[in-house]
Amino acid sequence: LFSDLRNLSGTTLMNLLSALFMTQLLYVIGVGGVMDSELCIALASALHYVRLCVFSWMLLMTHNMYMQYKTGLHLVPITDTNISRNFIRYSLLGWGLPLVFLLASILIQYCDKRGMLLDTQDLRRQNCWFLDKNAFISSLVIPGYLMALMTFFYLFRTAVLSKYLVGFQPDNRLRDKMRRKSAIQIILFSKVSIDFIFIELRD
């Protein structure tokens, strides 16, 4: 069952979907307004973290896709029985790097509030969805845009590499099939990335 997901690509996809699901769930929790200060700062911090996780997992997925093309795996799904080491590295980046930025945002928030983290009056105006401006820009917008740029960089390199790999196929039917699949894959990744960046960073 779901044999195509039993590899590094499938595992990174599941982590990305998990981060997206948690993001939407936390948005729903804050829709009605959060009056408790501790819950408000916790919700804003959690949303800050999972949004960064989405950016990091998008980057890791495009990096993995590029590495697959680079190593000649093409578009043929395989069952990778030795993904533990690479997945641990990906997990440290996918979940760990956003945690570093979250800690930095809390420190910025703490300094801006002069130690009064539970002063959430400004946060409540946006349903406790975002931290204050300095923390939001410094530890979400800037890192998010940097990770987005790296994501598009890998997408571009993958598109160029896939063009050459497809051209090397002697079988016309296989070449056409690979061309269609690679185009769908790259376009889908690009659309998801653009949509998420527009939604999350427009504010």
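According to the UniProt record's numbering, the sequence shown is numbered sequentially starting from 1. Even for Gly, the Cβ is constructed at its ideal location relative to N, Cα and C. Keep in mind that this is a model prediction, so the values were computed, not measured.
Exercise. Three or more beta-carbon pairs under 8 Å between the stretch 107 to 116 and the stretch 126 to 139, yes or no?
Worked result: yes
For this session: Please name the residue in 151, 185, 143 and 17 whose C-alpha comes closest to that of residue 163.
Result: 185
Exercise. Does the distance from the CB of residue 64 to the CB of residue 18 come in under 9 Å?
Worked result: no
For this session: Please work out which residues of its chain come closer than 6 Å, Cβ to Cβ, to residue 119, disregarding the five sequence neighbours upstream and downstream, and give them in chain order.
Result: 113
Exercise. By Cβ distance, which residues of its chain are closer than 7 Å to residue 94, with the 5 residues on each side in sequence left out?
Worked result: 15, 53, 56, 57 and 60
For this session: Sort 26, 150, 11 and 90 by Cα distance to residue 129 and report the nearest one.
Result: 26
Problem set entry | Presumed contact (8 Å Cβ cut-off) between residue 99 and residue 145, rounded CB distance | That belief does not hold up - the Cβ atoms of residue 99 and residue 145 are roughly 19 Å apart, past 8 Å.
For this session: Could you have a look at residue 128 and say whether DSSP puts it in helix, strand or coil?
Result: coil
For this session: Give the single residue among 11, 192 and 195 whose Cα lies nearest to the Cα of residue 88.
Result: 11
Exercise. Can you tell me whether DSSP reads residue 118 as helix, strand or coil?
Worked result: coil
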